[in-house]
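S.K.: Numbering (my numbering), first residue to last: 1 to 382.
Just passing along the structure, written as structure tokens.
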């Protein structure tokens, strides 16, 4: 990667946006009843909407055309355009991860989130995912969101965390560029997979997620994801799962102070649904829901809207129904993640240890079954 100085759309200490306090806000789904019923179909890096191939167009996007949308909007707003230009041009912060928009070839849309649209792209011949912050104008909120996501992602390096490649920052467009994972999201795999995943693969996937989350929680300061769900977990060609979408993530000292009511309620911890503070154990609850998805291949709380989920989980202490034929150790893992008291939930390190034990158990069973099959074949040949 060629390192260049990059003029960012902010000024001052890059951690300032991470350390600011957020005022409690009204839940976004209260404002729009229709949107809340499809909360789990949007608001993610690789949203459920994209997984069901309901994008408006699968044709490659033209760079110039995409750029003109933001240029026209900015130019039509007069003082707003001036303000955005100032935010970009007056910054003294230089980052070593500049990517020029002209160096990107933008392809089909692969995701739609609350802060932007994700495209499959090419960067000097390499497959990448390009998240374009595509609002009509770059408000303080959008710039802060962009800044926070870049500030977090640029320092994350782990095999089970999506790799940050660089960013585009100009008055016309803000983009985050990451590695591209061809199998898409875990949600997509679970909902579309025609052949069921074997148990060893499911356990391996769960272990990948736990390793990625354990890394985030052991950063200094710890990083709380706050939107852990299957559509924010991406799968590469080797079936390795990586944690993605850090648009709602915060460092621990901020998330302890307050929450802002954003996220996807079907995966959210009861204390977060009650608009209380989030910490590592809130992510653990969400992981328990992902474990449930891995075993059922269903959408959590599919028959409830967002407000009903808030009432059931946040105030009535209800949990997802577990099928009767599930391994008891797996059930124990899920239920430990769903404990009503956050401090009683396990850490991701503890979950990794439990999953390792489960993996050994299924490996032994698989080897025994294979040996028995070989013995039976040998007897038939005789």
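Beta carbons: idealized from backbone N, C-alpha and C, even for Gly.
Grab the span of the beta strand (DSSP E) containing residue 112 for me, first residue to last.
M.R.: Numbered from its first residue, the chain shown carries residue 112 at position 112. Start and end: 104-112.
S.K.: Note the first and the last residue of the continuous alpha helix (DSSP H) segment covering residue 151.
M.R.: The residue given as residue 151 occupies position 151 in the chain shown. Here the alpha helix (DSSP H) through residue 151 covers 140-153.
S.K.: Would residue 225 and residue 213 be called neighbours here (beta carbons separated by less than 8 Å)?
M.R.: Taking the first residue of the chain shown as position 1, residue 225 is located at position 225. Taking the first residue of the chain shown as position 1, residue 213 is located at position 213. Cβ distance < 8 Å, so residue 225 and residue 213 count as in contact.
S.K.: Which of the three DSSP states is assigned to residue 299 in this structure?
M.R.: Translated into the one-based positions of the chain shown, residue 299 becomes position 299. Of the three classes helix, strand and coil, the one that applies to residue 299 here is coil, per DSSP.
S.K.: Please say whether residue 215 and residue 161 have beta carbons closer to each other than 8 Å?
M.R.: Walking along the chain shown from the start, residue 161 turns up at place 161. Walking along the chain shown from the start, residue 215 turns up at place 215. Yes, Cβ-Cβ distance for residue 161 and residue 215 is below 8 Å.
S.K.: Are the CB atoms of residue 185 and residue 228 nearer to each other than 8 Å?
M.R.: Within the chain shown, numbered from 1, the residue matching residue 185 stands at position 185. Within the chain shown, numbered from 1, the residue matching residue 228 stands at position 228. Their beta carbons are not under 8 Å apart, which means residue 185 does not touch residue 228 by this criterion.
S.K.: What residue range is occupied by the uninterrupted beta strand (DSSP E) comprising residue 383?
M.R.: Residue coverage of the chain in this structure runs from 1 to 382, which leaves residue 383 outside it and unanswerable.
S.K.: Does the separation of the CB atoms of residue 157 and residue 362 fall below 8 Å?
M.R.: Here residue 157 refers to the residue found at position 157 when the chain shown is read from its first residue. Here residue 362 refers to the residue found at position 362 when the chain shown is read from its first residue. In this structure, residue 362 does not lie closer than 8 Å to residue 157 by Cβ.
S.K.: My understanding is that residue 167 touches residue 99, with C-beta atoms under 8 Å, so please give their C-beta distance in whole angstroms.
M.R.: Counted from its first residue, the chain shown places residue 167 at position 167. Counted from its first residue, the chain shown places residue 99 at position 99. Yes, residue 167 and residue 99 are in contact; Cβ-Cβ is about 6 Å, under 8 Å.
S.K.: To the nearest angstrom, how far is it from the Cα of residue 29 to the Cα of residue 307?
M.R.: Stepping through the chain shown from its first residue, residue 29 is reached at position 29. Stepping through the chain shown from its first residue, residue 307 is reached at position 307. Bear in mind that a pLDDT of 36 at residue 29, under 50, signals an unreliable position, so the model cannot answer this.
S.K.: Scan the stretch 160-215 and note each continuous alpha helix (DSSP H) run of 4 residues or more that stays entirely inside, going in chain order.
M.R.: Here the runs fully enclosed are 186-192.
S.K.: Which same chain residues, not among the five before or five after residue 265, have their C-beta less than 7 Å away from its C-beta?
M.R.: Taking the first residue of the chain shown as 1, we reach residue 265 at position 265. Cβ within range, chain order: 39, 273, 306, 309 and 310.
S.K.: Taking a contact to mean a Cβ-Cβ separation below 8 Å, would you say residue 351 touches residue 333 in this structure?
M.R.: Along the chain shown, read from residue 1 onward, the residue named residue 351 stands at position 351. Along the chain shown, read from residue 1 onward, the residue named residue 333 stands at position 333. Result yes, Cβ atoms of residue 351 and residue 333 sit closer than 8 Å.
S.K.: Quick check on the burial criterion: 16 or more other C-beta atoms within 10 angstroms. Buried or exposed for residue 96?
M.R.: Against the chain shown, residue 96 aligns to sequence position 96. Exposed, by the Cβ-count rule.
S.K.: If I follow the unbroken alpha helix (DSSP H) through residue 306, where does it start and stop?
M.R.: Looking up residue 306 in the chain shown gives position 306. Its alpha helix (DSSP H) spans residues 306-309.
S.K.: Below 6 Å CB to CB, which residues in the same chain sit around residue 146 once its five sequence neighbours on both sides are set aside?
M.R.: Mapped onto the chain shown, residue 146 falls at position 146. Only 133 and 174 meet the Cβ criterion.
S.K.: In three-state terms, what does DSSP make of residue 269?
M.R.: For the purposes of this step, residue 269 is taken as the residue at position 269 of the chain shown. Three-state DSSP puts residue 269 in coil, outside helix and strand.
S.K.: Who are the Cβ neighbours of residue 331 in its own chain at under 7 Å, not counting the five residues just before and after it?
M.R.: Position 331 of the chain shown, counting from 1, holds the residue named residue 331. Same-chain partners within the cutoff: 322.
S.K.: Helix, strand or coil: how does DSSP classify residue 388 here?
M.R.: Any answer about residue 388 is impossible in this case: the structure gives the chain only from 1 up to 382.
S.K.: By DSSP's criteria, residue 243 is part of a beta bridge. Which residues make up the other side?
M.R.: Here residue 243 corresponds to residue number 243 of the chain shown, with the count starting at 1. DSSP output for residue 243 lists 161 and 233 as bridge partner(s).
S.K.: Got a sec? Which residues, its chain only, sit under 6 Å from residue 346 by beta carbon, not counting five neighbours each side?
M.R.: Position 346 of the chain shown holds residue 346. Contacts found: 336.
S.K.: If the criterion is Cβ atoms closer than 8 Å, does the pair residue 231 and residue 293 meet it?
M.R.: Taking the chain shown and counting its residues from 1, the one referred to as residue 231 is at position 231. Taking the chain shown and counting its residues from 1, the one referred to as residue 293 is at position 293. It is not a contact, given that the beta carbons lie outside the stated cut-off.
S.K.: Going by beta-carbon coordinates alone, are residue 223 and residue 163 separated by less than 8 Å?
M.R.: To locate residue 223, count along the chain shown from 1; it is residue 223. To locate residue 163, count along the chain shown from 1; it is residue 163. No. Outside cutoff.
S.K.: Give me the residue from 198, 178 and 278 with the minimum Cα distance to residue 343.
M.R.: The count along the chain shown starts at 1 and reaches residue 343 at position 343. Out of 198, 178 and 278, 278 has the C-alpha closest to the C-alpha of residue 343.
S.K.: Quick one: grab the DSSP three-state call for residue 404.
M.R.: Summary: the structure shown does not reach residue 404, with the chain confined to residues 1 through 382, and so no result is reported for it.
S.K.: Using CA atoms only, rank isn't needed, just tell me which of 198, 289 and 295 is closest to residue 319.
M.R.: If you number the chain shown from 1, residue 319 lands on position 319. If we check each option's Cα against that of residue 319, 289 comes out closest.
S.K.: Answer with buried or exposed for residue 195, where buried requires no fewer than 16 other C-beta atoms within 10 angstroms of its C-beta.
M.R.: Position 195 of the chain shown, counted from the first residue, corresponds to residue 195. Exposed.
S.K.: Note the first and the last residue of the continuous beta strand (DSSP E) segment covering residue 129.
M.R.: Looking up residue 129 in the chain shown gives position 129. Residues 126-132.
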